[in-house]
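Structure first, then comments.
Residue numbers (this note's numbering): 12 to 77.
As structure tokens, this is what we get:
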């Protein structure tokens, strides 16, 4: 189950990054300014989500055996 959840998260992340990359390319082709990225980087968000998923699974597994 966790493998499928991880795969789903990775597919959604790649789809989101590809959509954003195409949007930036479209803006550049039209000669419009591309907004600069502010805040947390997307790879940091992905790593925190995966850490939360695996940490939650670890806690669920540890406390589920009681």
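Beta carbons are placed, not taken as given, at the ideal position from N, Cα and C, and that holds for glycine.
For the pair residue 13 and residue 68, the CB atoms are nearer than the 7 Å cut-off. The beta carbon of residue 38 is closer than 7 Å to those of 45 in its chain, skipping five residues each way along the sequence.
Cβ contact annotation for residue 24 (same chain, cutoff 7 Å, sequence separation greater than five): 57, in chain order.
Collapsing the DSSP output to three states places residue 37 in a helix. Per DSSP, the continuous alpha helix (DSSP H) segment holding residue 69 begins and ends at 53-75.
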